[in-house]
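The listed protein sequences correspond, in order, to chains A and B. For the first sequence, this note's numbering gives the first residue as 2, with consecutive numbering after it. For the second sequence, this note's numbering gives the first residue as 24, with consecutive numbering after it. Every residue gets a Cβ at the ideal spot worked out from N, C-alpha and C, and that includes glycine.
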Amino acid sequence: MDFNFTEEQGMVRDSLARMVREQYDFDTRRTVVESDAGWRPEVWAQLAELGLFGMPFSEADGGFGGGPVDSLVVMEEFGKGLVVEPYVPTVVCAGGFLKHAGTDAQKADHLASIIDGSRVFAFAYAEPKGRYDLADLETTAKRDGDSYVLNGHKAVVIGAPWASHLIVTARTSGDRRDASGVSVFVVAKDADGVVARDYPTYDGRRASEVYFENVSIPADALIGEEGNGLPLVERVVAEAIAAQCAEACGAMKVAHEMTVEYSRQRKQFGVAIGSFQVLQHRMVDMFMEYEQSVSMTYLATLRLDDDDRQRQLASSSAKVRVGQAAHHIGQEAIQIHGGMGMTDELAIGHYFRRLTLFDSEFGNVDHHMKRHVALSAG
Amino acid sequence: MNLEFSPEEIAFRDEVRTFIESNYPEHLRETGLREDLGRDDMLAWHKILGKKGWSTPAWPTEYGGTGWSPTQRYIWSEENARVNAIMPLPFGVSMVAPVIYSFGNEEQKAQHLPGIQSGEVWWCQGYSEPGAGSDLASLKTTAVRDGDHYVINGQKTWTTLAQYADWGFFLCRTDPDAAKPQEGISFILVDMNTPGIEVRPIKLIDGGYEVNETWLTDVRVPVENLVGEENKGWTYAKFLLAHERSGIAGVARSKRGVENLRDIAKSETLDGQPLMTDLDFARKVSQLEIDLAALEITELRTLAGEQAGRGPGPESSILKVKGTEIQQRLTELTLEAVGHYGTPYYSNIADAGSNEYPVGPDYAQHAASLYFNMRKTSIYGGSNEIQRNIITKMILGL
């Protein structure tokens, strides 16, 4: 058993932490997320230069031979600074699809562009009526000679306003919610018939409603096997969940530290509120929730290469535990900050919003609890 | 004991329902869940009720109350909640007015009560300060006597909707040498147009502006604006807070909120079935309704006790704690119910000047902002920790 990070991972963590501290202080972040662009392409380029985007990929694929633990290190630091740049959609999701199922040509084209930072992806999997079921798809892709014709509506596609390309799940056969018949495509966002409506999100990111209106895509845009995409989607979502849990851990750590610090400074009844036992115990509970979340994040990350059942059990367990902790820590942090916690001016409210909305991405606590029950029964 | 309405109460309910149906402004229906309303929107129903004599049901009849029984007042709030009516704000009607008619002099009653009742005059509350939130007694704003005036200096915070206020009621320190921090405080009425008052909006985590910082610099207020005795303001402040807490339970509104939640969960689908048929989700809604039913009866017991001349005392702390926990749980479940469409920042979509309809279903638009906004309820009006301290001391005797 080994829960240590390699020396290289330690170095990456340190340099990222420094970069987040220096370039991603709260006031700068706020200015950026409120700007028209909503993010900083120059920061993206800088992250690419650091070699960050190549870390999780094999040397054969042009990367540095790392894996999911590298994404964990990155996302935990991103969580601490509430970094909005789309590492999960681009590197973890799009990178994951290409790594597991991309053809040599797809890798040469897209994966290389991800690693060098020149292409940004968004992952269009959710639909207005599909809730968290990855197979509940009304989007269709019909084979037409050497191409597919894509039609449908994808909901709340995180990072889409910044993306040049989309990974899209669509049904090539079968009925809604069938496990078979799901296929995965890579689609250029400027393809004819792709219509995006962009908007900000409560947690400082950007998203789009994406509509596909008879979008013609070449047959070689298919990633993996036609109709057999669901296991691939589940695998990549498990990787995204592990990365997001790490992000939530980073955000929870900072939210807890800020709360403890605030309770040391804030005086009521002539003493620091941190001296009240009732608040001390609550901050202890927050801390324990955080530590449990870190453990579950490690588990979800380290089980990614196990068999399907083990991987799914671990990722659902982590999403349940971290989702509960994120709610608990966010709510307690606001309560202990009192009225100041309600203000947009303080950073804590921004951590709270990110921790709240973390739950609905890639399946909420209920969804993963059910999946855990089903997997345990099987 | 029984919980059934009598024929007279049913007749009263029908009268109330008919009145609301025919008088509640059409353009404000179903807006009660929104927070981006202006002064005129918020006062519209108040003014209609003022003319009818129903804007201040809980006041003593000699000052313009209705003389309604606790059950009638309960029916009244239920019927208003049915249409999500925007109810008269508490600052005038249920906070300062009871202090004025209980402790104020005849001139103050004559000057202020009619405007509160009619909805012509908007009030705000000047209690909290940056260093005095839950520990209200440590407030620092001073009022120094200078001939016929008090000169007020200091900074208040969380002054709700002060941007619209005509008048404010402020707690100020008039005797800095008092033996205890809660002594030497006075309750003073301030015309918000007096020179030296500056109101600065505070943006909250839901994206809206409903509270302010209020700065008072050499604000000269006539001594007639002192309510009751100088240095006895703490007594009036505690009296007011007990009144505030009993209104905070929000039972009728939460019941309407649960109906709204059930409607949403019938429209949302999970595995192709309505979310409401999902056992896990349905259990959480049921738990909420059960807790709400318990709160409802507890509130009715408190109202009955009040009618019999008891309270509102420390039991109003129970209503505050349980009522706010339920409101928070309700908004949390509603956000959970809307799934992915809780994430878009809707008010910012509107700010962008777009005429397009919102993304996702209409009912998802306010889910996140309400959830974020309602975190305030366990903080304001004496935080829930303070309420538990009150119960510890006043009821458990520890």
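CB-CB under 8 angstroms to residue i, same chain, minus the five flanking residues each way: which ones, in chain order?
i              : result
Q266 (chain A) : A273
L376 (chain A) : R310, Q313, L314, S317
W146 (chain B) : L112, F114, G115, M118, V119, I139, A188, D189, W190, G191, F192
F6 (chain A)   : R14, V70, V74
K130 (chain A) : D137, E139
S291 (chain A) : Checking the sequence shown, residue 291 (chain A) turns out to be Tyr, not Ser. Taken in chain order, the residues that qualify are C250, M253, K254, H257, A326, I330.
N103 (chain B) : I43, M110, A275
Straight-line CA distance for residue i to residue j?
i              : j              : result
L231 (chain A) : I109 (chain B) : 48 angstroms
T180 (chain B) : T240 (chain B) : 14 angstroms
G251 (chain B) : I139 (chain B) : 19 angstroms
L300 (chain A) : D71 (chain A)  : 14 angstroms
R168 (chain B) : D64 (chain B)  : 39 angstroms
P1 (chain A)   : V92 (chain A)  : Lying before the first or after the last residue shown, residue 1 (chain A) is absent from chain A, which here runs from 2 to 379.
Y259 (chain B) : I123 (chain B) : 9 angstroms
F270 (chain A) : Y232 (chain B) : 29 angstroms
N107 (chain B) : R52 (chain B)  : 7 angstroms
T104 (chain A) : F186 (chain A) : 12 angstroms
F42 (chain B)  : K75 (chain B)  : 10 angstroms
H154 (chain A) : L264 (chain B) : 51 angstroms
K278 (chain B) : L315 (chain B) : 8 angstroms
N46 (chain B)  : G90 (chain B)  : 22 angstroms
S309 (chain B) : P42 (chain A)  : 48 angstroms
E253 (chain B) : N176 (chain B) : 17 angstroms
A327 (chain B) : A317 (chain B) : 15 angstroms
Y394 (chain B) : E129 (chain B) : 43 angstroms
A127 (chain A) : P93 (chain B)  : 49 angstroms
S125 (chain B) : G256 (chain B) : 13 angstroms
Based on the DSSP secondary-structure assignment, which residues constitute the bridge partners of residue i?
i              : result
P367 (chain B) : A:T202
T17 (chain B)  : As displayed, chain B neither begins before 24 nor continues past 421, which places residue 17 (chain B) out of reach and without an answer.
Q148 (chain B) : B:F192
H166 (chain A) : A:F122, A:A189
H172 (chain B) : B:D169, B:P245
P219 (chain A) : A:S148
Q269 (chain A) : A:V272
N229 (chain A) : A:V183
H154 (chain A) : A:Y212
V195 (chain A) : A:F213
T141 (chain A) : A:N152, A:R172
V23 (chain B)  : Chain B is shown only over 24 to 421; residue 23 (chain B) falls outside these bounds and no answer can be derived.
F353 (chain A) : According to DSSP, F353 (chain A) bridges with nothing at all.
V213 (chain B) : B:G191
L421 (chain B) : For L421 (chain B), which the question treats as bridged, DSSP gives no partner whatsoever.
Within its chain, find whatever has a CB closer than 7 angstroms to the CB of residue i; leave out the 5 residues flanking it on each side and keep chain order.
i              : result
V44 (chain A)  : Q24, E86
L311 (chain B) : V281, I349, R352, L353, L356
G97 (chain A)  : V237, E240
P337 (chain B) : I413, I414, M417, I418
F108 (chain A) : Per the sequence presented here, residue 108 (chain A) reads as Lys, with Phe not at that position. The residues are D62, L99.
R198 (chain A) : S209, E210
S16 (chain A)  : L51
For residue i, count the other beta carbons within 10 Å of its own beta carbon; 16 or more makes it buried, fewer makes it exposed. Which is it?
i              : result
I115 (chain A) : buried
F359 (chain A) : buried
V279 (chain A) : exposed
Q332 (chain A) : buried
D62 (chain A)  : buried
G115 (chain B) : buried
G127 (chain B) : buried
G364 (chain A) : buried
E50 (chain A)  : exposed
M253 (chain A) : buried
P201 (chain A) : buried
G61 (chain B)  : exposed
V84 (chain A)  : buried
D301 (chain B) : buried
R223 (chain B) : exposed
Less than 6 angstroms between C-beta atoms, sequence neighbours within five positions excluded: which residues of the same chain meet that for residue i?
i              : result
P199 (chain B) : none
G55 (chain A)  : G64, F65, I116
T347 (chain B) : T400, S401
G275 (chain A) : S264, R265
Extract the residue ranges of the alpha helix (DSSP H) inside the region 286 to 341 of chain B, only unbroken runs of 4 or more that lie entirely within it.
Whole alpha helix (DSSP H) segments, 4+ residues: 302 to 330.
Entirely within the region 116 to 149 of chain B and at least 4 residues each: give me those alpha helix (DSSP H) ranges in chain order.
120 to 126, 129 to 141
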